[in-house]
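Worksheet: the structure to be examined is printed underneath.
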Amino acid sequence: MKSLLQPFMIEVTRRFAIDKSDIRLKSISEQIMDYMDNHSDVVTLKDISRHFSYHPNYISTVLRKETGRKFTEILLEKRMGRASLLLKSTALPIEEISAMLGYSNHSNFYKAFKEYYGITPREYQHSKAT
């Protein structure tokens, strides 16, 4: 039994070390972007600063420096990408999609979507259906 357990423990330790080193290889901006991908419906700069234990100004500066974009621009891009996917691949009502994306008012979602894509969510939904 001991002879079987030792190689297993070595393999587990090696994989853990590899996984931990992969995390360390990611820059703070990549980690923030990953966090935003997973929480784009509710994320705020304050949430990110709390999660990563950095001041919000530092988070903003890092994102701007490493991506060339503001936090709000990145968040809008992530939300609109998710909106596009949901509009194309589901039959959910637009109001429900806007709520899923973190918009408390669906008219704000309509406005943001139209500014981003140049057409309304409904027009987008119908153009993808045909």
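Mind the numbering: the sequence shown is residues -6 to 123 in my numbering, read in order.
Glycine is no exception: its CB is placed at the ideal position from the N, C-alpha and C atoms.
Beta-carbon spacing of residue i, residue j below 7 Å
i: I52; j: I67; result: no
i: T113; j: K104; result: no
i: A76; j: L56; result: no
i: M73; j: Y47; result: no
i: S120; j: K71; result: no
i: S22; j: E59; result: yes
Same chain, Cβ closer than 7 Å to residue i, neighbours up to 5 away in sequence not counted
i: S91; result: H99, F102
i: L85; result: L79
i: E88; result: H99
i: G61; result: none
i: D30; result: K71
Close beta carbons around residue i, own chain, < 8 Å, minus the five adjacent residues each side
i: K19; result: D27
i: K63; result: S53, L56, R57
i: L38; result: P49, I52, S53, F64
i: H44; result: Y28
Residue burial classification, residue i (beta-carbon count within 10 angstroms, cutoff 16)
i: V35; result: exposed
Own chain residues within Cβ distance below 6 Å of residue i, not counting five before or after
i: T54; result: none
i: Q118; result: L80
i: Y96; result: F102
CB contact check: residue i to chain C, cutoff 7 Å
i: L68; result: The structure shown contains no chain C; it holds only a single protein chain.
Please list the segments of the alpha helix (DSSP H) lying wholly inside the segment 93 to 121, counting only runs of 4 or more residues, in order along the chain.
-> Unbroken alpha helix (DSSP H) runs of no fewer than 4 residues, entirely contained in the segment 93 to 121, are found at 99 to 110, following chain order.
Length at least 4, wholly inside the segment 9 to 64: the alpha helix (DSSP H) runs in chain order | Whole alpha helix (DSSP H) segments, 4+ residues: 21 to 32, 38 to 45, 49 to 60.
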